[in-house]
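Asker: Here it is, the structure in full.
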Amino acid sequence: MGRYVENLGVIIWTQSFGSRADKAILLISGAMAPAIFWNSIFCERLADLGYFVLRFDSRDIGDSTHFPPARDADADPPYTIDEMVDDVRAILADHDLNTVVLIGHSLGSTVAQLFAVKYPERVEKLFLMSSPIIATGNNIYAETDSETLAAMWQVLMSNKMYPDYKRGKEEFFKVWRYLNGSFELDTDLADEYTKRLYETEVIEPAYNHTKVQVGIDDIWTELSELEIPIHFIYGEKDQLASNIGNIQILTNSLPNAHLTVLKGAGRMYFHRRIWQQILSVLTEALT
Numbered sequence: 001m002g003r004y005v006e007n008l009g010v011i012i013w014t015q016s017f018g019s020r021a022d023k024a025i026l027l028i029s030g031a032m033a034p035a036i037f038w039n040s041i042f043c044e045r046l047a048d049l050g051y052f053v054l055r056f057d058s059r060d061i062g063d064s065t066h067f068p069p070a071r072d073a074d075a076d077p078p079y080t081i082d083e084m085v086d087d088v089r090a091i092l093a094d095h096d097l098n099t100v101v102l103i104g105h106s107l108g109s110t111v112a113q114l115f116a117v118k119y120p121e122r123v124e125k126l127f128l129m130s131s132p133i134i135a136t137g138n139n140i141y142a143e144t145d146s147e148t149l150a151a152m153w154q155v156l157m158s159n160k161m162y163p164d165y166k167r168g169k170e171e172f173f174k175v176w177r178y179l180n181g182s183f184e185l186d187t188d189l190a191d192e193y194t195k196r197l198y199e200t201e202v203i204e205p206a207y208n209h210t211k212v213q214v215g216i217d218d219i220w221t222e223l224s225e226l227e228i229p230i231h232f233i234y235g236e237k238d239q240l241a242s243n244i245g246n247i248q249i250l251t252n253s254l255p256n257a258h259l260t261v262l263k264g265a266g267r268m269y270f271h272r273r274i275w276q277q278i279l280s281v282l283t284e285a286l287t
């Protein structure tokens, strides 16, 4: 059973696990990723730790409100990253939650950071998985190797994004295998996730979710002033948004930050052993 939250006319689909009497965790998925990026077994394990766990479809995804895509290169998206941050506020308000542990992945990590620096008193802990770097300060980051980038984008752009699932499944599976690091693709997990993508619009949200990430102001100062634990979690083989070296530089520059590297993991987590690694990290940090 899900629950719909309204924020200024935008409908956000949410789902909860565990007891509302417990401390809350909000899971924020990445670009084009529905709520079930955080699979149900994972959510139930977090609830077993004594947390009220919420996952949700971001605007433009799944059962939440969809928007016209900003296809043209010079077209602005129909909403901003700040409005996505405000969706988090609306979800917490609807569930009567004053404070929360935020766990974000990719774009979800960006949203989590922006929420935390805007409402620092409302965030107990911050877990940032496969996070883009939006905090620079005086740090000097290395560019990802051009050959690595070229090979990566060749795989990503080779997905023909067929509109019907039977044809599109294998195209997505090629991408998932590439993003899965050293782990064999768990086709059951991948199939469940990819089917969910096809239950609503699968292609159009990419335009808007990509464009809202352009031009975000540097938040290093605000992030460094947070008095809460900041946990960066990064796959050993993940080079899509940045690389481990740069995340380590950022971690070292922040007083309350810590980096955990997931051995063998990439950007996507289509293997139960990857989720076991993540749960081990979270269990240690949350209990």
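Residue 269 in the UniProt record's numbering is what sits at position 269 of the sequence shown, and the numbering runs on without skipping anything. We treat Cβ as the ideally placed atom computed from N, Cα and C, and that holds for glycine.
Going by DSSP, what residue range makes up the beta strand (DSSP E) through residue 16?
Answerer: Reading the sequence shown from its first residue, position 16 is the one you call residue 16. Looking at the DSSP string, the run of the beta strand (DSSP E) that includes residue 16 is 10–17.
Asker: Please say whether residue 182 and residue 264 have beta carbons closer to each other than 7 Å?
Answerer: The count along the sequence shown starts at 1 and reaches residue 264 at position 264. The count along the sequence shown starts at 1 and reaches residue 182 at position 182. Judged by their CB atoms, residue 264 and residue 182 are nearer to each other than the 7 Å cut-off.
Asker: Just verifying my parser: in three-state terms, what is the DSSP assignment at residue 128?
Answerer: Numbered from its first residue, the sequence shown carries residue 128 at position 128. Note: residue 128 maps to strand in three-state DSSP.
Asker: Ordered along the chain, which non-local residues of its own chain (more than five positions away) have a Cβ less than 6 Å from that of residue 10?
Answerer: Sequence index remark: in the sequence shown, residue 10 carries index 10 (1-based). Counting only Cβ-Cβ distances below 6 Å, and skipping sequence neighbours, we find 59, 65.
Asker: Cβ of residue 42 within 7 Å of Cβ of residue 22?
Answerer: Walking along the sequence shown from the start, residue 42 turns up at place 42. Walking along the sequence shown from the start, residue 22 turns up at place 22. Result no, Cβ atoms of residue 42 and residue 22 do not sit closer than 7 Å.
Asker: To the nearest whole angstrom, what separates the beta carbons of residue 116 and residue 102, a pair I think is in contact under 8 Å?
Answerer: The residue you call residue 116 lines up with position 116 of the sequence shown. The residue you call residue 102 lines up with position 102 of the sequence shown. Contact flag correct, Cβ pair sits at about 7 Å.
Asker: Which residues mark the beginning and the end of the beta strand (DSSP E) in which residue 23 is found?
Answerer: Counting from 1 along the sequence shown, the entry for residue 23 is found at position 23. From DSSP, the beta strand (DSSP E) with residue 23 extends over 23–28.
Asker: Report yes if the CB atom of residue 91 is closer than 7 Å to the CB atom of residue 175, and no otherwise.
Answerer: Numbered from 1 along the sequence shown, position 91 holds the residue referred to as residue 91. Numbered from 1 along the sequence shown, position 175 holds the residue referred to as residue 175. Going by C-beta atoms, residue 91 is not nearer than 7 Å to residue 175.
Asker: Identify whether residue 54 lies in helix, strand or coil by the three-state DSSP scheme.
Answerer: Here the question's residue 54 lines up with position 54 in the sequence shown. Reduced to three states, the DSSP call for residue 54 is strand.
Asker: Sorted by chain position, which residues of the same chain lie with C-beta nearer than 8 Å to residue 283's C-beta, five sequence neighbours on each side aside?
Answerer: To locate residue 283, count along the sequence shown from 1; it is residue 283. Excluding residues within five positions, the ones whose Cβ falls inside 8 Å are 49.
Asker: With burial defined as no fewer than 16 other Cβ atoms inside 10 Å of the residue's Cβ, what is the status of residue 87: buried or exposed?
Answerer: Here the question's residue 87 lines up with position 87 in the sequence shown. So residue 87 counts as buried.
Asker: So what does DSSP say about residue 227, is it helix, strand or coil?
Answerer: Position 227 of the sequence shown, counted from the first residue, corresponds to residue 227. Note: residue 227 maps to coil in three-state DSSP.
Asker: Whole angstroms is fine: what's the gap from residue 278's alpha carbon to residue 105's?
Answerer: Stepping through the sequence shown from its first residue, residue 278 is reached at position 278. Stepping through the sequence shown from its first residue, residue 105 is reached at position 105. Cα to Cα, residue 278 sits roughly 12 Å from residue 105.
Asker: Considering just the uninterrupted stretch of the beta strand (DSSP E) at residue 6, what are its terminal residues?
Answerer: The count along the sequence shown starts at 1 and reaches residue 6 at position 6. Taken as a continuous stretch (DSSP letters only), the beta strand (DSSP E) holding residue 6 covers 3–7.
Asker: Look up residue 216 in the DSSP assignment and say whether it is helix, strand or coil.
Answerer: In the sequence shown, counting from the first residue as 1, residue 216 sits at position 216. Residue 216: coil per DSSP, three-state reduction.
Asker: Assuming residue 194 contacts residue 172 under a Cβ cut-off of 8 Å, what Cβ separation, rounded to an integer in Å, is found between them?
Answerer: Here residue 194 refers to the residue found at position 194 of the sequence shown. Here residue 172 refers to the residue found at position 172 of the sequence shown. About 5 Å; that satisfies the 8 Å criterion.
Asker: Between the alpha carbons of residue 179 and residue 235, how many angstroms are there, rounded?
Answerer: Position 179 of the sequence shown, counted from the start, is the residue given in the question as residue 179. Position 235 of the sequence shown, counted from the start, is the residue given in the question as residue 235. Taking the straight line from one Cα to the other gives about 10 Å.
Asker: Residue 145 to residue 98, Cα distance in whole Å?
Answerer: For the purposes of this step, residue 145 is identified with residue 145 of the sequence shown, where counting begins at 1. For the purposes of this step, residue 98 is identified with residue 98 of the sequence shown, where counting begins at 1. Each residue's alpha carbon lies about 43 Å from the other.
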